[in-house]
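Shown next, in structure tokens, is the structure this report addresses.
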Amino acid sequence: PQPVLAVVGRPNVGKSTLVNRIIGRREAVVQDVPGVTRDRVAYDALWNGRRFTVVDTGGWEPGVTGLQGSVAAQAEYAMSTSDAVLLVVDAAVGATAAEEAVAKVLRRSKKPVLLAANKVDDDRLLAETASLWTLGLGEPRPVSALHGRSSGDLLDAIVDAL
Ligand code: GDP
Ligand code: MG
């Protein structure tokens with residue numbers, strides 16, 4: 033069985049767009065409306081001759097525990113069902129209470145955790161990217177899922193981690 037990467041993060045940070053970038057196809061549904069429900073979907077990916085499965089964890093709506101609790105539960109579940117977790121943050125928004133909650137869960141992970149600062153379409157958001165070091169999840173990696181900027185570097189890090 034091939035290794036599994038789970039992609040987690042708040043609604044609308046660009047998880048599905050990034051998953052499409054990772055798989056090189058447009059199968060994950062990108063939603064302009066935040067929080068539109070979509071189930072977990074697994075896709076096959078291939079990079080540098082390495083095959084892996086990437087799971088797009090859409091469909092996590094704020095429930096009784098609120099968005100923070102919901103995303104933390106998502107991270108918990110992702111950690112237990114994958115070989116590595118990719119946390120996606122919207123660099124323009126930065127780390128919210130939801131990201132703090134997720135990071136707290138992910139810092140306990142014995143599996144590799146990668147941190148992507150998405151929507152870095154140009155250099156203007158690089159400073160915001162650096163501020164994500166405070167999440168305690170290692171190096172924040174700037175990427176633009178929409179334009180593909182630095183997605184190759186992120187994929188190199190992903191296959192290294194798996
Ligand atoms: P998800 O809810 O986390 O899966 O987010 P989506 O992939 O559905 O994207 C949410 C919105 O963010 C869509 O309008 C995307 O086009 C937009 N988006 C995703 N990645 C980027 C990016 O790198 N740059 C910009 N500017 N917009 C992005
Ligand atoms: Mg999505």
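Residue numbers for the sequence shown follow the UniProt record's numbering, so the first one is 33 and each next one is one higher. Even glycine gets a Cβ: it sits at the ideal position worked out from N, Cα and C. None of these values were measured; they are calculated from a predicted model.
query	result
Residue 155 vs residue 45 beta-carbon contact at 8 Å	no
Contact test: residue 16 Cβ vs the ligand GDP heavy atom, cutoff 7 Å	The first residue shown for the chain is 33 and the last is 194, placing residue 16 beyond what the model contains.
Residue range of the unbroken alpha helix (DSSP H) whose run includes residue 159	158-163
Any non-hydrogen atom of the ligand MG closer than 7 Å to residue 192 Cβ	no
For residue 77 and residue 69, the rounded distance between their alpha carbons	Residue placement at residue 69 is poorly supported in this model, since its pLDDT is 43, which falls under 50; the coordinates still yield a value, given next. Distance between the alpha carbons of residue 69 and residue 77: 23 Å.
Beta-carbon gap between residue 135 and residue 168 smaller than 8 Å	yes
C-beta contact flag for residue 86 and residue 51 at 8 Å	yes
Beta-carbon contacts of residue 137 that lie in its chain and below 8 Å, excluding the five residues immediately before and after	104, 107, 108, 111
Contacts around residue 158, its chain only, beta-carbon distance under 7 Å, and the 5 residues preceding and following it disregarded	152, 174
Any non-hydrogen atom of the ligand MG closer than 7 Å to residue 48 Cβ	yes
Counted within 10 angstroms of its Cβ, other Cβ atoms place residue 131 as buried (16 or more) or exposed	buried
Euclidean distance between Cα positions of residue 184 and residue 53	9 Å
Residue environment, residue 80, which counts as buried when at least 16 other CB atoms sit within 10 Å	exposed
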